[in-house]
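Working notes for the structure below.
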Amino acid sequence: MAELIEIEEVPEIYVMEYGGNYYLVRGAAYLDQILFGKEPLSFPVLIKSVKTWDEVLVNWENTGGSMPWILNPSIVERMERDNRKLTSDSFNA
């Protein structure tokens, strides 16, 4: 069964890794800043690996028929390097 991640403080950007791909499940409003920004983001980024596609979908902020954005691994590496990376363990999820 898919797990809805519950955390105390919702990060602005939430990325899930599934099947070797990274999906932006929360934070689409920051997509241009994520993709093209030269400066580090000013807030933490939550990154979590999951075992099923359903876990990606159940946590997806926009259920209006579109799919989560897939992110290039290099962008995720930059986000991890430039920002305080959080994991769900940080929130006892």
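For the sequence shown, our numbering begins at 0 and goes up steadily by one.
Even glycine gets a Cβ: it sits at the ideal position worked out from N, Cα and C.
request  = Assign methionine 78 to buried or exposed, taking buried as 16 or more other Cβ atoms, counted over all protein chains shown, within 10 Å of its Cβ.
outcome  = buried
ask   = So which of Arg80, Glu76, Ser73, Trp52 has the shortest CA-CA distance to valine 24?
value = Trp52
query = According to the Cβ coordinates, are isoleucine 69 and tyrosine 21 closer than 8 Å?
reply = yes
ask   = Comparing alpha-carbon positions, which option in Ser65, Phe35, Tyr17, Trp59 lies nearest glycine 26?
value = Trp59
query = So methionine 15 packs on glutamate 54, CB below 8 Å; how close in whole Å?
reply = 7 Å
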